[in-house]
Amino acid sequence: MRSPSLTRETRHDERGRAVSRYEHGGAPVDVYDSARTALLVLELFRDESLRDWEKASLLPSMIFPDPSQAAEAAQGDPQGLLSHILWEAFGLDSDHTHGDEAPAFDWGQDAARIRASLLAAYGIDWDEASRALPFADMVGLLASLMETGESTPFSEAVRARLAKPPKATRHNKAERDAFAARRRHFALDGDAQRSAKAADDAMADVFAAGMRAARRG
77 MRSPSLTRET RHDERGRAVS RYEHGGAPVD VYDSARTALL VLELFRDESL RDWEKASLLP
137 SMIFPDPSQA AEAAQGDPQG LLSHILWEAF GLDSDHTHGD EAPAFDWGQD AARIRASLLA
197 AYGIDWDEAS RALPFADMVG LLASLMETGE STPFSEAVRA RLAKPPKATR HNKAERDAFA
257 ARRRHFALDG DAQRSAKAAD DAMADVFAAG MRAARRG
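Here the working numbering is used: the first residue of the sequence shown is 77, the next is one more, and so on.
Following this line, the structure appears as structure tokens:
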């Protein structure tokens, strides 16, 4: 996923959705890359009521404001374009080329913590910012919460999940018990732990369905 930038410009469509410019093979392509769009794409991949080919047909309209521009940028390889943009804009690894990392937070399980922390630390309302800010910028805001000493619900949860347990001694049982209790309190559930890989696997299935449809067409 590309990093936030102080010089890259983001415009907004008539509905207030963030639109940023990316490149694929040297060709420009505009992308709906807001945080809200990223979560909607995730929901699409996880929606078991839709078949893979239906998801494949819906995805381009969710992320490309200008289909003709996207078709030109694809240069005959629409799956390659989608794969590239999903990674660059949203950090979604559709072709399993970027490695697996254990998640430190989950957008669903930590939704209330994210809302409360953005408001407390920055005075930002999630509903407004999630449409106006690119996903990379939203992730940058959340990551910055970890760099300060200020306590927020989000930073406390992530710190608890990433902290190393104290080394056992004869004198720190109470400390170790408190650490274990805190770790259990903030632990991600099984669905959250599997969600990142499941989303990547679902994308791979969707892309395969798209390829089969293209060959039939």
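Cβ atoms here follow ideal geometry from the backbone N, Cα and C, with glycine treated the same way.
Reducing DSSP to helix, strand and coil, say where residue i ends up.
{"i": "G286", "result": "Confidence in G286 is poor, its pLDDT being 42 and thus under 50, which makes the residue's placement unreliable; the coordinate value appears in the next sentence. Correct three-state label for G286: helix."}
{"i": "D129", "result": "The amino acid at residue 129 is misidentified as Asp; the sequence shows Trp. The answer is helix: DSSP assigns W129 an H, G or I state."}
{"i": "P241", "result": "coil"}
{"i": "P179", "result": "coil"}
{"i": "Q185", "result": "coil"}
{"i": "F166", "result": "helix"}
{"i": "Q151", "result": "coil"}
{"i": "R291", "result": "Bear in mind that a pLDDT of 44 at R291, under 50, signals an unreliable position, so the number given afterwards is only what the model happens to contain. Correct three-state label for R291: helix."}
{"i": "R78", "result": "coil"}
{"i": "H247", "result": "coil"}
{"i": "G156", "result": "helix"}
{"i": "M222", "result": "coil"}
{"i": "A263", "result": "coil"}
{"i": "I200", "result": "coil"}
{"i": "E232", "result": "helix"}
{"i": "S227", "result": "coil"}
{"i": "D253", "result": "helix"}
{"i": "E124", "result": "coil"}
In the DSSP output, which residue or residues are listed as bridge partners for residue i?
{"i": "P210", "result": "S110"}
Measure how close the beta-carbons of residue i and residue j come, nearest whole angstrom, since I'm counting them as under 8 Å.
{"i": "F140", "j": "V107", "result": "7 Å"}
{"i": "M77", "j": "W163", "result": "6 Å"}
{"i": "R93", "j": "S110", "result": "6 Å"}
{"i": "R237", "j": "F262", "result": "6 Å"}
{"i": "A149", "j": "V105", "result": "4 Å"}
{"i": "P143", "j": "P154", "result": "Not confirmed; about 10 Å, so no contact."}
So is residue i in contact with chain B if we call contact Cβ pairs under 9 Å?
{"i": "G152", "result": "Protein chains in the displayed structure number just one, and chain B is not present."}
Original post:
What residue ranges within the region 80-113 form continuous alpha helix (DSSP H) runs of no fewer than 4 residues, ordered along the chain?
Top reply: Along the region 80-113, the alpha helix (DSSP H) does not occur as any fully enclosed run of 4 or more residues.
**OP:** Take every Cβ of the region 250-260, pair it with every Cβ of the region 197-211, and state whether three or more of those distances are shorter than 8 Å.
**Re:** no
**OP:** Specify whether the region 180-191 and the region 223-235 touch according to this definition: at least 3 beta carbon pairs, one from each stretch, less than 8 Å apart.
**Re:** yes
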